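Undergrad:
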Amino acid sequence: MKDLTQVEPGEQKAPVMAPGHNYGTITDKISSIVLKKPVSKGWILGFLVCFVILQWMLYGITLLFFKGVGVWGVNIPIGWGFAIVNFVWWIGIGHAGTLISAILLLLRQSWRNSINRFAEAMTLFAVACAGMFPIFHLGRPWVFYWLFPYPNTMGYWPNFRSPLVWDVFAVSTYGTISLVFWYVGMIPDFATLREIADKKWIKYVYGMLALGWRNSARHWSRYETAYLLLAGLATPLVLSVHTVVSFDFAIGIVPGWHTTIFPPYFVAGAIYSGFAMVLVLAIPIRKFYHLEDFITARHIENSAMVMLATGWIVAYGYAFEAFMNWYGGDVYEGFVRFNRLHGPYAFWYFALLTCNLLIPQVLWFRRVRLNNFVLFLISMDILIGMWLERFIIVVVSLHRDFLNSSFGMYYPTQIDWAIFIGTLGFFTACMFLFMRLLPSISIFELRTLLPEAEAVKHE
Amino acid sequence: MKMEEQNGKPHQEEVCPGKKDKLNLESANALIAETKGPEFWRSLEELAGSGEFQEMMHREFPKGASEWLDSVSRRGFMKLMGASLAMAGMTACTKQPMEAIVPYVKQPEDVIPGKPLFYATAFTLGGYAAPLLVESHLFRPTKIEGNDKHPASLGGTDVYSQASVLGMYDPDRSQNVIHAGDVSSWGEFQNFIRGPLKGQEASQGAGIRILSGAFSSPALADQVQAFLKLYPGAKWHTYEPVNRDNALEGAKLAFGQPVETQYHLENADVVVSLDADFLYAGFPGFTKYARDFAARRNPDSGMSRFYAIESAPTSSGVKADHRLPVRASHVGAIAATIKDGTFLVKGFPQIDRGLTEEETRFMRAVSRDLRAHSGSSVVIPGEHQPPIVHALAHAINAQLGNVGKTVVYTDPVIANPVNQLESFKDLVADMNAGKVQLLILSGVNPLFDAPVDLNFAKAFEGVPLRIHHGLYQDETAEHCHWHINQADYLEAWGDTRAFDGTVSLVQPLIAPLYDGKSLHDLLAVLSGEPQASGHEIVQAYWQKQHSGADFDMFWRRSLHDGFVADTAYSPKQVAAKSANFAQSASPDAKAIEINFRPDPSVYDGRFSNNAWLQELPKPMSKITWDNCVWIGPAMAERLGVQKRDMVRVALGDAKVDLPVWIQAGHPDNSVTVFLGYGRKRAGRAGTGAGFDVYPLRTSATPWFTTGAQVSKISGTYILASTQGYQTMDAGDVTRPIVRTATLDEYRKHADFNEEKPPAELTLYPGYEAQYRSENYAWGMTIDLNSCVGCNNCIVACQSENNIAVVGKEQVNHGRHMHWIRVDAYYQGDRNDPKAYFQPVPCMQCENAPCELVCPVGATTHSTEGLNDMVYNRCVGTRYCSNNCPYKVRRFNFFLFSDWDTPQYKMMRNPDVTVRSRGVMEKCTYCVQRITEYRIKSEESGTKDYNTDADLKTACQQSCPANAITFGNINVADSQVSKLKKNQRNYGLLDDLNTRPRTTYLAEIRNPNPELEA
Amino acid sequence: MQIFHRATNTIAKASIYGALLLVGFILWACIQFQRSPYVTYAHVARPQPVPFSHEHHVGAIGIDCRYCHTSVENSNFAGIPPTKTCMNCHSQIWLGAGMLQPVRDSYATGKSLVWNRVDDLPDFVYFDHSIHINKGVGCNTCHGPVDRMPLMYNEGSLQMEWCLDCHRSPAKNLRPRDQVFNMRYEQPSTQKPLLYEGKIYTDQMALGSDLVKQYHLRTVADITSCSTCHR
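From first to last, the protein sequence lines stand for chains A, B and C. All residue numbers for the first sequence refer to the numbering used here, where the first residue is 53 and numbers rise by one. All residue numbers for the second sequence refer to the numbering used here, where the first residue is 702 and numbers rise by one. All residue numbers for the third sequence refer to the numbering used here, where the first residue is 643 and numbers rise by one.
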């Protein structure tokens, strides 16, 4: 029969899930990845590669902690370098997860059900990566806890006027909620795995994780409420976190930072890069684990559309920024525009525009949206673009601000790169483990998509 | 002043207590008493029970003063320190280790532990004294200040004397008497030297030669005479690579006798500099001249006009109302033109001296201006201009009737005013002739800096017995049979003359760290009276001068005041011999000219190992740790070279490869190189830094000559400059960073200064109250008209506030730590630009952007308007620096402070925390001084809150030009309040409404309308 | 098939609260530890080369603080007596006492005694004795009942909150200047009223706030500015 998960252009939308599935098949297909299938060579290889890259990060961090942030390219005037760039970038990536799971859930977008699980996982790991950098970038990381308000012997509180303190709350809340949301979402599936697993100890482990889930109606009704509540909690975070992160810059008086457009423009950018990352992960995963039935062209295409939309919001951000630089009539703001276009980092500014504005426009064509390979490349391109955007905002704004005498240049060092690339290793390594050890697609939520489920609902 | 007495309050200078090898000075000092000489620092470590003591035993140098130029070893050191510190960070912040406290056995009366004492003394450079007051904490000199009572200082200092305290504590200083490469002792030397001296008695010492630097010390001169009486055959030679032979010969040429020229710029309405850099350290009388000059630059009261004709851009030239860049060889012609122009009652001579149209026009204006101000004008010739130019200057000044008014002649300050180069040539001749059996060199380094054509090294090897007496085991010491480690001027007794002849007594501030010997001691031994101490010798001499019952009183007063009353030379009546001098023809204008100049930081090389000076940005280029060749923009274009490209400078058959610095305003077809770099045996800071240009310098043309070849060669070189961008243009706009106007504009519409934001631009009612205590509100003004860019404030601040040195590599990364910087901006035509200096300390903004963003509140506002920086609270997010529009905040990217070297621990100011790794720091308005002052005044219960008299910041105190004014702006009649009311007053970037407490007085130029057209 | 015992449910529930409690306890413990004498040395007597007893010299004999701590009134540093000071008396009395041997040695050899510092502030804190004395802060306000200390120990924790406690409301500790060195001074109370400058005080705050005015204390905002103690 014709594979319905592939649609030709001009055809109707692909279904959310290939037909012919029932509770059993779904359960088997997904749980088998975790329980039945032997560990593939590809998995081992991939994991090892990531693990090696991860060692770079550890090396970089060791050096960093023993010598000081001087091992980076940071200096005066450019006090913030890769650390903050990466921080913002990773946080941004995290957003897609929460968006998909929470907001789309509230909006009853049933197509989300098959991608929310690993989107959330992705969020979690991304936030973990992001969370590291604020601590790394401190001159004295061992006293990072001074940023938390606690009854200390100094009789002195943190400075609540500082955006960095807001960050502490924003990011930690976000991390916690995502974790809980993710975990709660998995409870029923843990129970399923507990049942299917044959080895005793595996049963035991998943049993522990399942927290005594018995699939009873009472469980389900409470579960639904709890999950909905969490979704409700998580939703505002999607907006709040990156808004707060954008304050780190908007509150400053540095030309190129001091602008009111940042919050919406950061959030849009975050979702932009987030969905790009979702695709970068989803496309290979569905291929290697043959999940085309569940992650269908529908999901891919929708994600692509979201990217296109958010991409334009970002574009608006750029345009408005440039406009205000000119319209504001301020000497220093005006120079920001000049410096981006003609300064030493001009190449990267144009690279950014190409990656984030130009190339993604091909997404207008459905043929492109349906071509996994091209889509994969575009997503990659967007991820790079968004990283460049943060680089432009952080470094290029700082390197030439008010007094010509303090103009400077920023040259990243190997340690800068080691730690950045290292976090990529960390992230992917986590994803590999996740794919292997946890149900990467929400089994029970897929079940609700089945006709049977519909029937049940209607009774 | 004995080391035993260095006890008292332990000030462990750390941000975070409990570093593992915490070293206790007090307890350590107790031991210094017994252990003298080189072991002293070991005993320190030993006593402190430092874990690294063993390691140190096996190392040539104590760790810490790491090799700034060698990133590798520095990194290694960083790793170690980083490790121990990271650990300390984890643990020690919670629990302090036990700390020892060591009282005196018998406490001297005048000492109150915790309160510093000030002693008057003097630093000497090239024979000219810089009178000082030295702050001493329990007999450890920590800070150099100008002696405000002394007529030659008036409180100001120069960079060399400011930095000399670091030189004293330099762990690389020679710590032993060396004989044939092995450690020997002073005693052994004394025994040894008897033999050779006895051998000389027969010939009355005909084989003895002594070579020393120039000195003005009466006592020493006396001692020398005595020695020469003892050995009539012996000869005493003087040579310094940077000497005043030209001035001396010029005076002889003009008056037939070697007279000293003094200028009274306070009386000068018109100042003309013939290639003279009289506004930078090294020019005799610089501090006084800077002050007088600045005083006459006040646009509100008879502003003077200053024409600078110079062969290489200098900080003096920056201050000129009209600056004419010409090649050094052309200055003679110009001087002659001015002379004729001023001699004629009216009109202008038509003699063709090869002046261009532009130059002629310039000279016509200058001459007319000079004539118009006869008796109140002055022409100052440059040290490196040939005698003829000096003679011409004398003639012009005489013709204009300036003598006695703006120009005064006195007896020479130098004890034996000989032509040093000739003296040196004689010595070399004698050496070649084999007449020299015993050569004693004191405080000189000829194997490094002798004129290359004399081939000194060869002659030197021929001398059977060579004895070197100096602060370092330098290039010359290496090739001497004996090396005697010299005592620093802060460790020994002596006396010296300032440029006006006033004698200062030099008293030791500390017992010699390495048991060094002064020249007095050495001479005493040579004269066969080894028991005589420096103290006795100097005192005995003055006993002779001031016999009488009240000598004790006289001696004490002189010591206390820092100078011997009425020893200033009285003006001397000298008749000009003739006014017509043989004119030397200006050489071929095509040939490339080369200038040799002392380096603004390391002078002739003697300060090479002084890290403060090495890291001091050169006034014009802001380069640190290196020298380079200056090339004008036009010439650079022809050569097709960029900044930092390497070029080969060849002169005759000598060639030197140098990196290029394209210096705006440098005359075309001429290059300038700087002496003193490329040392081979300077120490950890100096060795290997920069390029040695002495190989190009011959005795015939020590200062400039034509015929140099400059050719581009492959490769580039990193020159670490501290200033990002040297113009005020950004994009297509010029930023209003330095505000200027001409005197006329200023007089006509005093509101030339851009409008300022309204005083009360705030959303918070009652905002004032937040940061105003009713007693004090600190404020500062910096007069851009007065600032001569001499860099003094930078070193003073570094010394006062324990600011770390970071080394070339880090400076190049943009991580230098100076709390106050002096920006130099060039505007207009790059070949002849207008230039401006702007010192930038922390602005202490009332709406400080840095305070808002610090997450832990490590930088907050004090009620007196200080922007406090709390190192021990700082976690190092660097957000404050990002948000500081002035970029005056400095960050410890590594552990920049040297926590190990005991010498440096002794040097530090105990009232200021030594910052550790990972914390931000910045100018505090010298809050330690403010606090001390406030406490004192509160205890005395005074109600007068005008602090002008007794409270000065370090930069303000040391500023020779009085450009910096600091005080209480709550008091209407305080100096700073008055200045802030001045029309010229403006806040840097004040349109950001940061409301800086540090404000600037706009720069006013007084151009000659005739030339403006 | 049942892999868990029924009880597991209860345990699971309990463990949720347990975890919360555990975290809470750890935080609480850390906070307590920071303030414990183990960290602050409060009330922990230090070993000294000579077991010098303030109880005896101050309490029993009644020697004034300033006899030994000479610079306390005019310097940031109170001053530790030189060996000479000890010998003023001990060249006459207790000549044979073994415990004084180190003192005699020090005097003979000219080698200083090495004491262990008791009230040891962090090195980034700049405390000034003279101004506190001058403003009517008693010695024992910070140093405790020195006249009852056989071996010296520090009374307070010397932590920032401890300093701020007074700097944030100086009135509660001020006393008349002439009482500063009085080790047995008691704050005025209804039981023990204090007559000062013709006025009778029965409560410290009243006295304190008057002294604040009389001694021209700077405002709380002034003396809690960071640069008051940190430079």
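Using N, Cα and C, we set each Cβ at its ideal position, and we do this for glycine too. The model shown is predicted, which means the values in this text are computed figures rather than measured ones.
Of the residues GLY191/A, VAL223/A, LEU485/A, which one's Cα is nearest the Cα of ILE337/A?
TA: Taking ILE337/A as reference, the option from GLY191/A, VAL223/A, LEU485/A with the minimal CA-CA separation is LEU485/A.
Undergrad: Given that VAL1628/B touches chain C, what residues does it touch there, using C-beta distances under 7 Å?
TA: SER869, ARG873
Undergrad: CA-CA distance, PRO1213/B and TYR1173/B?
TA: 14 Å
Undergrad: Contact defined as beta carbons within less than 8 Å: I believe PHE177/A pairs with CYS482/A. What is the distance between those atoms, to the nearest angstrom?
TA: 4 Å
Undergrad: Are the beta-carbon atoms of LYS1106/B and ASN968/B separated by less than 8 Å?
TA: yes
Undergrad: Could you give the distance in angstroms between the alpha-carbon of ALA1073/B and the alpha-carbon of GLN1100/B?
TA: 13 Å
Undergrad: Please list, in chain order, the chain A residues whose beta carbon lies closer than 7 Å to that of THR650/C.
TA: GLY264
Undergrad: Which residues bound the alpha helix (DSSP H) around TYR861/B?
TA: 860-870
Undergrad: Between which two residues does the alpha helix (DSSP H) carrying HIS1261/B extend?
TA: 1252-1262
Undergrad: Please report how far the alpha carbon of ALA649/C lies from the alpha carbon of GLY660/C, in whole angstroms.
TA: 16 Å
Undergrad: Show which residues of chain A have a CB atom less than 7 Å away from the CB atom of ILE673/C.
TA: PRO203
Undergrad: Give the residues of chain A in contact with GLU803/C, contact being defined as C-beta atoms less than 7 Å apart.
TA: In chain order: THR205, MET206, GLY207.
Undergrad: Can you tell me which of the three DSSP states LYS252/A falls into?
TA: helix
Undergrad: Can you list, in chain order, the stretches of the beta strand (DSSP E) that have 3 or more residues and sit fully within the segment 1098-1159 of chain B?
TA: 1108-1111, 1139-1143
Undergrad: Using a Cβ cut-off of 8 Å (strictly closer), state whether ILE1504/B contacts chain A.
TA: no
Undergrad: Excluding the five sequence neighbours on either side, which residues of its own chain have a C-beta within less than 7 Å of the C-beta of GLN846/C, listed in chain order?
TA: LYS814, GLN829, PRO830
Undergrad: Go to TYR1701/B, then tell me how far its alpha helix (DSSP H) extends in each direction, as first and last residue.
TA: It is not in any alpha helix (DSSP H) - TYR1701/B instead sits in the beta strand (DSSP E) that spans 1699-1702.
Undergrad: Give the DSSP-derived three-state secondary structure of GLY76/A in the structure shown.
TA: helix
Undergrad: Spell out a yes or no on whether the segment 451-467 of chain A and the segment 1331-1343 of chain B are touching, meaning 3 or more CB-CB pairs, one atom from each, closer than 8 Å.
TA: no
Undergrad: Which residue's Cα is closest to the Cα of ALA955/B: PRO1088/B, VAL972/B, GLU1230/B?
TA: PRO1088/B
Undergrad: Three or more beta-carbon pairs under 8 Å between the segment 1428-1437 of chain B and the segment 1369-1377 of chain B, yes or no?
TA: no
Undergrad: Using a Cβ cut-off of 9 Å, which residues of the segment 1556-1577 of chain B contact any Cβ in chain C, in chain order?
TA: GLY1558, ALA1559, THR1560, THR1561, HIS1562, SER1563, THR1564, GLU1565, LEU1567, ASP1569, MET1570, VAL1571, TYR1572, ASN1573, ARG1574
Undergrad: Could you pull the start and end residues of the beta strand (DSSP E) that VAL1719/B belongs to?
TA: Because chain B here runs from 702 to 1714, residue 1719/B falls outside it and cannot be looked at.
Undergrad: Which bits of chain A does GLN1545/B rub up against, with CB to CB less than 9 Å?
TA: The premise fails here: GLN1545/B is roughly 16 Å from chain A at the closest Cβ pair, so nothing lies under 9 Å.
Undergrad: In terms of residue numbering, what span does the beta strand (DSSP E) encompassing MET1347/B cover?
TA: 1346-1352
Undergrad: CB-CB under 6 Å to GLN1657/B, same chain, minus the five flanking residues each way: which ones, in chain order?
TA: ILE1665, PHE1667
Undergrad: Closer than 8 Å, CB to CB, is VAL862/C near chain A or not?
TA: no
Undergrad: Go ahead and pull the three-state DSSP assignment for ASN947/B.
TA: If DSSP states are grouped into helix, strand and coil, ASN947/B belongs with the helices.
Undergrad: Report the option in GLU1338/B, GLU1237/B, GLY1619/B whose CA atom is closest to the CA atom of ASN1532/B.
TA: The shortest Cα separation from ASN1532/B among GLU1338/B, GLU1237/B, GLY1619/B belongs to GLU1338/B.
Undergrad: Taking MET802/C as part of the alpha helix (DSSP H), name the residues at either end of that continuous run.
TA: 802-809
Undergrad: Hey, could you find the ends of the beta strand (DSSP E) ILE1504/B is sitting in?
TA: Counting along the chain, ILE1504/B falls outside any beta strand (DSSP E), and DSSP gives it neither H nor E.
Undergrad: According to DSSP, which residues form a beta bridge with SER837/B?
TA: LEU818/B, PRO842/B
Undergrad: Quick one: which chain B residues come within Cβ less than 8 Å of ASP453/A?
TA: Within 8 Å of the CB of ASP453/A, the CB atoms of chain B belong to PRO1586, LYS1588, in sequence order along the chain.
Undergrad: Compare the Cα-Cα distances from SER974/B to each of GLU1084/B, LYS1681/B, TYR1270/B and report the closest residue.
TA: GLU1084/B
Undergrad: Cβ atoms of ALA1655/B and ALA1497/B: under 8 Å apart, would you say?
TA: Contact flag set, yes.
Undergrad: Using C-beta distances below 8 Å, list every residue in its chain close to GLY94/A, excluding the 5 sequence neighbours before and after it, in chain order.
TA: Annotation for GLY94/A: PHE340 place their beta carbon closer than 8 Å to its own, counting only its chain and skipping 5 residues before and after.
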